[in-house]
Structure formats: structure tokens, C-alpha cells
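Participant:
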Amino acid sequence: KAGVTQTPRYLIKTRGQQVTLSCSPISGHRSVSWYQQTPGQGLQFLFEYFSETQRNKGNFPGRFSGRQFSNSRSEMNVSTLELGDSALYLCASQDRGSDGYTFGSGTRLTVV
Amino acid sequence: AQSVTQLDSHVSVSEGTPVLLRCNYSSSYSPSLFWYVQHPNKGLQLLLKYTSAATLVKGINGFEAEFKKSETSFHLTKPSAHMSDAAEYFCVVRDSSYKLIFGSGTRLLVRP
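Residue numbers (my numbering), protein chains in the order written: chain E, 5 to 116; chain D, 45 to 156.
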């Protein structure tokens with residue numbers, strides 16, 4: 005069974021640009037959630053999607069957005085990048101029938 | 045609101061000696077608790093989870109944790125540390141909206 009796939013693994017962007025990250029969950033999992041990991045703030049919840057609907061949102065500015073497609077793949081977008089957006093972005097896939105959360109390897113975004 | 049506190053930011057042990065990583069939680073109801081491990085430049089791997097079944101939970105790689113309601117603790121233990129256990133460990137509680145709330149992490153160093 006394939007795991008959670010996040011692409012790309014690494015990304016370097018310039019301040020002011022926008023970026024799109026992708027997450028493909030485990031087959032059959034309909035819930036995808038996103039987390040930001042930084043040395044200063046640790047791991048923080050961004051949002052969760054279930055069956056193409058945003059079910060929950062963390063305390064991040066509107067520059068951070070996401071969506072989920074009918075095949076459960078999810079994308080998150082960050083517009084007008086700031087230096088502080090440099091982080092490891094992790095995606096978690098969950099089968100709502102169980103309590104397990106499986107994380108991908110993450111996308112490391114560097115904003116210069 | 046749910047929260048977790050990891051009592052040690054760093055723990056150092058010698059190979060072959062026991063490991064104890066401490067976690068206290070705060071929850072207004074019976075919580076779902078998890079321990080995740082993160083090796084350098086990797087995503088998060090689930091070690092074990094507690095979801096109101098047995099209070100002693102066995103996980104992968106010889107780790108286990110005991111849920112103690114009276115002490116609001118969920119400490120992670122392993123009888124004998126291995127060099128490959130060196131990593132960062134996160135205690136996590138899931139809130140009522142299925143959002144994961146992470147502790148600040150404990151970095152485990154294993155000395156040869």
C-alpha cells in the first residue's frame with residue numbers, strides 16, 4: 005500500500021511569489037490535513053479537508069489556502085510569500101474510520 | 045481546550061539503557077493520544093496511539109506508553125536504547141475536531 009506522497013520535496017521561492025504544494029493520500033483515505041513545522045513555532049495545524057470540503061482551519065492568514073479534489077488529492081497554496089513562510093510543510097492522511105494519521109515526508113519550502 | 049506538554053526538550057542516554065520521555069496532557073474529555081518520531085529531514089512516523097482501550101500501549105521498535113488519567117500523563121518508554129532511536133519525539137493529542145495538537149518535542153540523543 006503506497007504511503008502519503010508529497011511533491012515537491014524541496015522548493016526555493018522568492019519573497020512575493022506564490023507556491024503550490026501537493027499531497028496524495030493513502031488510497032481510500034478521504035481526509036487530508038496540513039501542518040507547518042518551523043523551529044520557532046513547532047508543528048501547527050493549517051487545515052483539514054474531507055471529501056473536498058474544508059472541515060477545519062487553523063490560525064493562519066488568508067494567504068494560506070487549500071483544496072481537495074475528487075480523488076482526495078490535496079493542494080495547498082501560499083500567496084505573496086514571506087521569509088517567515090520558510091518551513092517544512094507536512095500532509096497527513098487519515099481514514100476517518102480509524103484513529104491513524106499517516107504523514108508524508110514533507111515539502112521543505114525556503115523563501116529567499 | 046486540549047494541550048500537551050513535553051517536560052524535557054532534550055534527553056541524553058547511553059546505548060542499552062532505558063529511555064523515558066515525559067508528556068503531560070490537558071483534556072476536558074477522554075483524549076486520543078499519540079507519540080510520533082521524526083528522524084532528521086524526514087516526516088513523522090507513528091510510534092503508538094492511545095484511544096481509550098488498554099492503558100498500556102505497545103508500539104513499534106520496542107516503545108510503549110502508559111496512559112495515567114490520575115496524573116494526566118502519557119510517558120514514552122523503551123527498556124534499552126539503540127543508536128537508531130536518536131531522533132525527535134512528539135507527544136500529540138487529538139482535539140474534538142480531529143485536529144492534532146503537538147507538543148514542542150523532545151530530542152533524544154543516544155551515546156555509544
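Cβ atoms here follow ideal geometry from the backbone N, Cα and C, with glycine treated the same way.
Please state whether DSSP places E:G66 in a helix, a strand or coil.
Facilitator: coil
Participant: E:N60 touches chain D at which residues, Cβ-Cβ below 8 angstroms?
Facilitator: Neighbours of E:N60 across chain D, judged by C-beta separation under 8 angstroms: S141, Y142 and K143.
Participant: Can you round the beta-carbon distance between D:C135 and D:Q82 to whole angstroms, since I take them to be within the 8 angstroms contact cut?
Facilitator: Wrong, their Cβ atoms sit about 12 angstroms apart, outside the cutoff.
Participant: Might you give, ordered along the chain, the residues of its own chain that have their beta carbon closer than 8 angstroms to the beta carbon of E:L15, omitting 5 neighbours on each side?
Facilitator: V23, L25, T111, R112, L113 and T114
Participant: For D:H54, which beta-bridge partners are listed by DSSP?
Facilitator: Among the bridge pairs identified by DSSP, D:H54 is matched with D:R151.
Participant: In the segment 25-57 of chain E, which residues sit with their C-beta less than 7 angstroms from some C-beta in chain D, listed in chain order?
Facilitator: Cβ contacts with chain D: G46, L47, F49 and E52.
Participant: Check whether the Cβ atoms of D:S70 and D:S47 sit closer than 7 angstroms, and answer yes or no.
Facilitator: yes
Participant: With distances taken from CA atoms, which of D:S128, D:R155, D:Y133 and D:S114 is nearest E:L47?
Facilitator: Of all alpha-carbon atoms in D:S128, D:R155, D:Y133 and D:S114, the one lying nearest the alpha-carbon of E:L47 is that of D:Y133.
Participant: If we ignore side chains and look at the alpha-carbon of each, how far apart do D:G23 and D:G106 end up?
Facilitator: In the structure displayed, chain D extends from 45 to 156; residue 23 of chain D sits before or after that span and is not available.
Participant: Shorter than 7 angstroms from the beta carbon of D:G103 to some beta carbon of chain E?
Facilitator: no
Participant: Of all the CB atoms in chain D, is at least one closer than 7 angstroms to the CB of E:S109?
Facilitator: With 7 angstroms as the cut-off, E:S109 counts as an interface residue toward chain D.
Participant: At a Cβ threshold of 7 angstroms, is E:L94 touching chain D?
Facilitator: At least one chain D Cβ lies under 7 angstroms of E:L94.
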